[in-house]
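Notes follow once the structure below has been shown.
There are 2 protein chains.
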Amino acid sequence: MSRKLAYRNLPQLFLKAREELLCHFRPIISHFGLTEQQWRILRTLSETEQLEPREICEICHILSPSMTGVLSRMEEMNLVTRERMPEDQRRVIVRLTPKSEQLVSELGPLIVEQYKVIEKAFGAELIKELYEVMDRVIAAERGPIPRVALPPKKDWSAL
Amino acid sequence: MSRKLAYRNLPQLFLKAREELLCHFRPIISHFGLTEQQWRILRTLSETEQLEPREICEICHILSPSMTGVLSRMEEMNLVTRERMPEDQRRVIVRLTPKSEQLVSELGPLIVEQYKVIEKAFGAELIKELYEVMDRVIAAERGPIPRVALPPKKDWSAL
DNA sequence: GTTGACTGGCTAATATGTTAGTGATTGAAT
DNA sequence: ATTCAATCACTAACATATTAGCCAGTCAAC
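So the sequences go chain by chain: R and G. Last residue of the first sequence: 1154 (our numbering), numbering continuous. Last residue of the second sequence: 1154 (our numbering), numbering continuous.
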């Protein structure tokens, strides 16, 4: 027994590494009463002025059903405005409010400062390689990757 | 306006890269009626025989309050057993059931096979560097990293 | 003009993440 | 023996993740 698989759990490593990073930013973000997802959206919108929900989903890696709730709460908090497009009643435009513009202008520099602290601690070399490898992983996804054949479904509840 | 921060959102890159990987495993895992977290726990237990909840939390990167629910459901599904330690009534021992041992022995090889497929598509080189950089990020966390000074709290709800 | 495929945001149901706090238990210090 | 801090699993409340499906709006083909 106690046999290990041939490959270490790579997604789990990502999870851990991500958490090691994020724990240095989380206190800053929550200090301003924001969640991590809300900050992702604010940051994105501050760099793009206006976006549609599905674009925000794509960029911020938040699924559509989650986005509905997140945007509702942010609208409630007066962080964003939602406006239907007249020419296509299905689509919606999301924008920052003056309040959140102000918020980003105060929060943003702190985030950058923390990045510099981390870069110093980790070494600029490591950070550079990190960005590089991540980009290669994401780019590698361009070719279709086959999926292993799955056995017929089995009724595990019986056991 | 539209000014970008000096650093790209690194945690978000991790999120994306992780998803690019995980999407190749998720179908396999859910084919067996498991969630991603349940598989993390099963895999870990299969490599260690028995563990306490807080150890599983640490290894699998699941917070304690989530773990309570996850383990309850897994116990309900007859995937694990929970047993209080006699010598310390606070602590609990979690073990695999024969059913889940069987499940792991069928699922595990498929996971390994999928890793090989991915390694072939990404290039063994990239995978190797990936593991290496991740380990360095996690190891870099050994030294205490200072936190930027935060301004006094402000009542943003007023705006 | 109607049909039919499609799109985009949404709801519903369930599982997990996050933060704060509870209660029983243990072990060390009094 | 009693106090006290620490530990561990758990609960509560809320936010988000995940999967499935719904519904109105659009657009092209008929």
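The beta-carbon is built from N, C-alpha and C at its ideal position, and this holds for glycine as well.
Any chain G beta carbon closer than 8 Å to residue i
{"i": "R:Ala1135", "result": "yes"}
{"i": "R:Val1075", "result": "no"}
{"i": "R:Leu1046", "result": "no"}
{"i": "R:Pro1081", "result": "no"}
{"i": "R:Leu1066", "result": "no"}
{"i": "R:Glu1071", "result": "no"}
{"i": "R:Val1089", "result": "no"}
Option in the options with minimal Cα separation from residue i
{"i": "R:Lys1148", "options": "G:Tyr1002, G:Ile1023, G:Phe1117, G:Glu1015", "result": "G:Ile1023"}
{"i": "G:Leu1074", "options": "G:Val1132, G:Arg1090, G:Arg1085", "result": "G:Arg1090"}
{"i": "G:Leu1098", "options": "G:Ser1059, G:Leu1037, G:Pro1048, G:Gln1109", "result": "G:Leu1037"}
{"i": "R:Pro1093", "options": "R:Leu1040, R:Pro1104, R:Val1107, R:His1026", "result": "R:Leu1040"}
{"i": "R:Ile1133", "options": "G:Glu1070, G:Ala1001, G:Phe1009, G:Leu1000", "result": "G:Phe1009"}
{"i": "R:Asp1083", "options": "R:Glu1124, R:Leu1016, R:Phe1020, R:Glu1047", "result": "R:Glu1047"}
{"i": "G:Ile1057", "options": "R:Val1065, R:Glu1114, R:Glu1014, R:Val1087", "result": "R:Glu1014"}
{"i": "G:Lys999", "options": "R:Ile1113, R:Leu1121, R:Pro1104", "result": "R:Pro1104"}
{"i": "G:Ile1088", "options": "G:Gly1028, G:Pro1139, G:Leu1066", "result": "G:Leu1066"}
{"i": "R:Arg1077", "options": "R:Leu1017, R:Gln1045, R:Arg1131", "result": "R:Gln1045"}
Bridge partners - residue i, DSSP secondary structure assignment
{"i": "G:Leu1046", "result": "G:Val1089"}
{"i": "R:Val1075", "result": "R:Leu1091"}
is_contact[residue i, chain R] using C-beta, thresh 8 Å
{"i": "G:Glu1014", "result": "yes"}
{"i": "G:Gly1028", "result": "yes"}
{"i": "G:Arg1085", "result": "no"}
{"i": "G:Arg1035", "result": "yes"}
{"i": "G:Pro1223", "result": "The structure shown does not extend to residue 1223 of chain G, since chain G spans only 996 to 1154, so no value can be given for it."}
{"i": "G:Met1129", "result": "yes"}
{"i": "G:Ile1178", "result": "Lying before the first or after the last residue shown, residue 1178 of chain G is absent from chain G, which here runs from 996 to 1154."}
{"i": "G:Arg1049", "result": "no"}
{"i": "G:Leu1098", "result": "yes"}
{"i": "G:Lys1094", "result": "yes"}
{"i": "G:Gln1007", "result": "yes"}
{"i": "G:Glu1042", "result": "yes"}
{"i": "G:Glu1124", "result": "yes"}
Residue i, DSSP secondary structure in three states
{"i": "G:Thr1030", "result": "coil"}
{"i": "R:Pro1081", "result": "coil"}
{"i": "R:Ala1116", "result": "helix"}
{"i": "R:Asp1130", "result": "helix"}
{"i": "G:Cys1018", "result": "coil"}
{"i": "G:Ile1054", "result": "helix"}
{"i": "G:Ala1144", "result": "coil"}
{"i": "R:Lys1123", "result": "helix"}
{"i": "R:Tyr1110", "result": "helix"}
{"i": "G:Leu1008", "result": "helix"}
{"i": "G:Ala1001", "result": "coil"}
{"i": "R:Pro1139", "result": "coil"}
Practice prompt. Determine which residues of the segment 1105 to 1119 of chain G have a Cβ less than 7 Å from any Cβ of chain R, and write them out in chain order.
Written response: Leu1105, Ile1106, Val1107, Glu1108, Gln1109, Tyr1110, Val1112, Ile1113, Ala1116, Phe1117
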